[in-house]
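Participant:
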Amino acid sequence: MLSTLNHTTPCLSVVTKGALGASRNAMAASSRHFAGKASPSGGEWQTMDGCTAVCHSSYAMMDTAFIYPITPSSPAAELAEQWSALGVKNAFGDVPKITQMQSEAGASGALHGALAAGSLATTYTASQGLLLMVPNMYKIAGELLPCVMHVAARAVAGQALSIFGDHQDVMAVRQTGFAMIDANTVQECHDMALISHLATLRARVPFVSFFDGFRLSHNIEKVDTLPYNQMRRMVDMKALNAHRARALNPNRPYVRGTNENPDVYFQQFEASNAFYDKTPQIVQEEMDRVGAVTGRHYDLFQWTGPKDAEAAVVVLGSGASVVEEALPYINAQGKKVGVVKPRLYRPWSSEDFLKSLPKTVKRIAVLDRTKEPGSLGEPLYLDVASTIQESDRTNIKVIGGRWGLGQKEFTP
């Protein structure tokens, strides 16, 4: 039986009594989301894939979602639509409304409108679908609307079409003003989705919560899922009420999204800096709150390896787990190597990155899962190189490399 069905009672009021058992069984089978034993966090151990883990957390925190299917994010959107049709309630005791639009562009436009109306709204997408959302992403970020877009990161069609995972799509939207947080495992898909929803309300900065297509979106693992009543207690209700109060309302009319001339446009744009400056601290606080409940503690930049490491690998996504698994073998040969796993990619916090590095590190290899033709280097490499160059640790040698384009995985 699906654990989400236990979060509220009654939760399937739209389903007739005779069909209740069949609906629950169909729901569990279609979502690959199975009930298990109680976990230390007070939730349940579940067997599920990354899309289901993301849906479990995001469904709890939304009033509505606007979707358009695109591989490999489709299972998350389909599952949310299924739960809504069966009357499953979110963490606030309401049944979210799921609407499939005519395209990803339409989904992002409707998302923008719902956010402006004070709703908790989300979407699920990938690849070209995410790129079609870029115009509205600029608007959502510019208007400081709390929002989370869940992205199963995937290759973008260039010389050929590929439905498989890499980071070309998410790196193409890093300049939109959205904060970006990533997951390394299926468990982290669940946790980072929740952290994103909690943080965006407080920060007023929208988030892209991304996880590797197929390698995480369709990989099935054992996951510790939090019950919805527990998620509800973690929501900053003051921030939520403030978001509702900012909604467009004919009874409280005000001007939004107007044209600005050269006399004020620059100043208005720069005025958002304070919100982005506070975001890393807010995300860390939400990570700490989730960690206090689950026992899974995250940092903005997670270091794994010896405290006296001389070399470090910096890598986003599922590849970090592979590097981490290889470390015992590498270090057993007398080498001193560790890995830095960035959790919050945007806004980039140079201070937290440097804090994660042992003082003994002399060499850094940065692995990007994207390619930017014509650039001096890929995005993560440039961020790390700039951070080192502007710090007091300029003796560190930084090199960059690419991996995993079109899901050409590496293994230990």
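Quick note on numbering: the sequence shown equals residues 1352 to 1763 in our numbering. Heads up, the beta-carbon is just placed ideally off N, CA and C, and yes, glycines get one too. Fair warning: this is a prediction, and the values are worked out from it, not measured in the lab.
1. Quick check on the DSSP output: the alpha helix (DSSP H) that includes V1778 runs from which residue to which?
2. Let me make sure I understand the geometry here. Which of K1629, M1531 and R1505 has the alpha-carbon closest to that of G1755?
3. Relative to the C-alpha of K1448, which candidate in A1442, S1454, L1733 and E1432 has its C-alpha closest?
4. My assumption, with CB atoms under 8 Å, is that K1687 sits in contact with A1671. Please give the rounded CB distance.
5. Specify the secondary structure class of W1434 as computed by DSSP and reduced to three states.
6. Spatial neighbours of G1372 within its chain, please: CB distance less than 8 Å, with the 5 preceding and 5 following residues excluded, ordered by chain position.
7. Give me the Cα-Cα distance between L1733 and D1400, rounded to the nearest whole angstrom.
8. Between which two residues does the alpha helix (DSSP H) holding V1615 run?
9. Does the Cβ-Cβ distance between L1695 and P1631 come in under 8 Å?
10. Kindly indicate which residue of A1530, Y1419, L1482 and V1405 has the alpha-carbon position closest to the one of T1551.
11. Q1772 by DSSP, collapsed to three states: which one?
12. May I have the straight-line CA-CA distance separating V1641 from E1741, to the nearest angstrom?
13. What are the boundary residues of the beta strand (DSSP E) that R1697 is part of?
14. Do you know offhand how far M1412's Cα is from L1577's?
15. Check each candidate in A1461, G1457, G1685 and C1406 and name the one with the smallest Cα separation from A1442.
16. Suppose the cutoff is 6 Å on Cβ atoms and the five residues either side in sequence are ignored; what does the same chain contact list for G1394 look like?
17. Please state whether DSSP places Y1419 in a helix, a strand or coil.
18. Please return the same chain residues whose Cβ sits closer than 7 Å to the Cβ of H1648, not counting the five positions on each side in sequence.
19. Here's the rule I'm using: 16 or more other beta-carbon atoms within 10 Å means buried, otherwise exposed. How should T1609 be labelled?
20. Any idea if I1739 is buried or exposed, counting beta-carbon neighbours within 10 angstroms, 16 or more meaning buried?
21. With contact counted as at least three CB pairs below 8 Å, one residue from each stretch, are the segment 1459-1472 and the segment 1517-1537 in contact?
22. In the DSSP assignment, what residue or residues form a beta bridge with I1571?
23. For L1705, which of F1652, T1415 and T1476 has the nearest alpha-carbon?
24. Do K1710 and I1747 have their C-beta atoms within less than 8 Å of each other?
25. Take the Cβ of K1759 as the centre, count every other Cβ of all protein chains shown within 10 Å, and call the residue buried at 16 or more, exposed below.
26. How big is the Cα-Cα spacing for L1466 and S1424?
27. At the level of alpha carbons, what is the spacing between E1539 and H1501?
28. Between which two residues does the beta strand (DSSP E) carrying L1718 extend?
29. Would you call the CB atoms of S1836 and V1644 closer than 8 Å?
Facilitator: Let me lay it out:
1. The structure shown does not extend to residue 1778, since the chain is modelled only from 1352 to 1763, so the question has no answer here.
2. R1505
3. E1432
4. Their Cβ separation, rounded to whole angstroms, is 18 Å, which puts K1687 and A1671 out of contact at 8 Å.
5. helix
6. Model confidence at G1372 stands at a pLDDT of 46, short of 50, so the residue's coordinates are unreliable; what they give is reported in the following sentence. Within the same chain, G1372 has no close Cβ partners at all.
7. 32 Å
8. Element bounds for V1615: n/a, residue is neither H nor E.
9. yes
10. A1530
11. No statement about residue 1772 is possible, as the shown extent of the chain runs from 1352 to 1763 and does not include it.
12. 33 Å
13. L1695 to R1697
14. 12 Å
15. C1406
16. D1575, T1576, L1577 and P1578
17. coil
18. G1642
19. exposed
20. buried
21. no
22. D1400
23. F1652
24. no
25. exposed
26. 21 Å
27. 13 Å
28. R1714 to D1719
29. Because the chain spans 1352 through 1763 in this model, residue 1836 falls outside it and cannot be assessed.
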